[in-house]
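Numbering (our numbering), first residue to last: 74 to 376.
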């Protein structure tokens, strides 16, 4: 990060307190590693302009779709896609300060399903009600489910594991079978006993983003809506911006980033003109942090 960017940031934040946001990211090629964007309002984002962690696990040793949450003890937990195909798990690392990271580990969650083709886009959710972490991802097991126009090796369903310490994990189990291929799903707690699953319908010819609903974090999720994004959109990231929720997504067909706004996860409007996302940013998730945490991170990056 340049000195000029840091000075501008300090001026913006010197008298401020409260919330800030980190948006995990990667750039192509995916072997490069973890990047992040930051924001003070959840609408306008700046690239930290550095690589924070280089991938070292998995068959292909890539880092795609990084998802991060901060636990109640302040520790940041990160999971990511470690290979396009061949892996039966995902990458994991943790950090207290986002500068120094634990040794990377490969978390195997689908070894009991020998025909598993892939483990894509693991997504972290901290369930405060049960004090545990839920991780969901998309996998294909050929000839397991009905399919549309998809090839058998592209017919995804969502699976999950649960952990409270990132040392032991429950075996991967089916999380969502909506009757069609789904990837890039995100659990959102809208309010007490009201959860939303933002997902990509990966079927041909759809390939767009929808939502489903449940009264429990682990589902079942039902009543899948019509799409609220256009064709060739994926990688939703959701943030509560105060007066509204924002759902960022990769409009890869148009080669840009889009955003939808909603107050109830029933009615959606295009908010793309109201946000700014740096070029090159790819599928990640948004983590709400304290403003002082962001200030410390930017300071430490200058050392």
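Idealized CB from N, CA, C, for every residue including glycine. Since we're looking at a predicted model, the values are computed, not measured.
Who does residue i pair with in a DSSP beta bridge?
{"i": "residue 273", "result": "256 and 282"}
{"i": "residue 137", "result": "154"}
{"i": "residue 177", "result": "Residue 177 pairs with nothing; no bridge assigned."}
{"i": "residue 127", "result": "In the DSSP output, where bridge partners are listed per residue, residue 127 has none listed."}
{"i": "residue 162", "result": "181"}
{"i": "residue 268", "result": "262 and 287"}
{"i": "residue 120", "result": "110"}
{"i": "residue 143", "result": "149"}
Nearest-angstrom Cα distance between residue i and residue j?
{"i": "residue 126", "j": "residue 238", "result": "21 Å"}
{"i": "residue 369", "j": "residue 214", "result": "44 Å"}
{"i": "residue 224", "j": "residue 247", "result": "20 Å"}
{"i": "residue 183", "j": "residue 137", "result": "19 Å"}
{"i": "residue 119", "j": "residue 216", "result": "44 Å"}
{"i": "residue 241", "j": "residue 297", "result": "32 Å"}
{"i": "residue 221", "j": "residue 243", "result": "31 Å"}
{"i": "residue 290", "j": "residue 376", "result": "41 Å"}
{"i": "residue 116", "j": "residue 329", "result": "16 Å"}
{"i": "residue 285", "j": "residue 189", "result": "25 Å"}
{"i": "residue 271", "j": "residue 311", "result": "8 Å"}
{"i": "residue 153", "j": "residue 277", "result": "25 Å"}
{"i": "residue 390", "j": "residue 299", "result": "Beyond the ends of the chain as shown, which are 74 and 376, falls residue 390; an answer cannot be given."}
{"i": "residue 236", "j": "residue 180", "result": "11 Å"}
{"i": "residue 19", "j": "residue 233", "result": "There is no way to answer for residue 19, as the model of the chain reaches only from 74 to 376."}
{"i": "residue 150", "j": "residue 208", "result": "11 Å"}
{"i": "residue 94", "j": "residue 210", "result": "23 Å"}
{"i": "residue 79", "j": "residue 148", "result": "Model confidence at residue 79 stands at a pLDDT of 45, short of 50, so the residue's coordinates are unreliable; what they give is reported in the following sentence. About 24 Å."}
{"i": "residue 250", "j": "residue 140", "result": "22 Å"}
{"i": "residue 371", "j": "residue 92", "result": "15 Å"}
{"i": "residue 355", "j": "residue 104", "result": "13 Å"}
{"i": "residue 280", "j": "residue 274", "result": "5 Å"}
{"i": "residue 253", "j": "residue 212", "result": "13 Å"}
{"i": "residue 342", "j": "residue 293", "result": "27 Å"}
{"i": "residue 301", "j": "residue 317", "result": "16 Å"}
{"i": "residue 373", "j": "residue 360", "result": "19 Å"}
{"i": "residue 358", "j": "residue 186", "result": "27 Å"}
{"i": "residue 313", "j": "residue 219", "result": "35 Å"}
{"i": "residue 134", "j": "residue 267", "result": "37 Å"}
{"i": "residue 130", "j": "residue 168", "result": "17 Å"}
{"i": "residue 264", "j": "residue 352", "result": "33 Å"}
{"i": "residue 124", "j": "residue 319", "result": "26 Å"}
{"i": "residue 437", "j": "residue 107", "result": "With the chain covering only 74 through 376, there is no way to say anything about residue 437."}
{"i": "residue 128", "j": "residue 160", "result": "14 Å"}
{"i": "residue 226", "j": "residue 344", "result": "35 Å"}
{"i": "residue 101", "j": "residue 262", "result": "31 Å"}
{"i": "residue 171", "j": "residue 142", "result": "12 Å"}
{"i": "residue 325", "j": "residue 245", "result": "29 Å"}
{"i": "residue 283", "j": "residue 228", "result": "17 Å"}
{"i": "residue 287", "j": "residue 304", "result": "26 Å"}
{"i": "residue 205", "j": "residue 158", "result": "28 Å"}
The beta strand (DSSP E) with residue i in it runs from where to where?
{"i": "residue 94", "result": "92 to 98"}
{"i": "residue 171", "result": "Taken as a continuous stretch (DSSP letters only), residue 171 belongs to no beta strand (DSSP E), as it is neither H nor E."}
{"i": "residue 247", "result": "246 to 249"}
{"i": "residue 110", "result": "108 to 112"}
Between residue i and the ligand ATP, is the CB less than 8 Å from at least one heavy atom?
{"i": "residue 250", "result": "Because no ligand of any kind appears in the structure shown, any question about the ligand ATP cannot be addressed here."}
Does any residue of chain C have a CB that is nearer than 9 Å to the CB of residue i?
{"i": "residue 316", "result": "In the displayed structure, chain C is absent; only one protein chain is listed."}
Where in the stretch 294 to 364 do unbroken runs of the beta strand (DSSP E), each at least 3 residues long, occur, reported from the N-terminal end onward? 307 to 313, 318 to 324, 329 to 335 and 359 to 363
Any contact of the stretch 355 to 366 with the stretch 158 to 169, i.e. 3+ C-beta pairs under 8 Å? no
Give the list of continuous beta strand (DSSP E) stretches no shorter than 3 residues that lie fully inside the stretch 188 to 235. 193 to 200 and 205 to 213
Is the stretch 257 to 264 in contact with the stretch 192 to 205, if contact means three or more CB pairs nearer than 8 Å? yes
Examine the Cβ distances between the stretch 199 to 206 and the stretch 166 to 181 and report whether three or more of them are shorter than 8 Å. no
At a cut of 8 Å, does the stretch 312 to 331 reach the stretch 343 to 362 through at least three beta carbon pairs? yes
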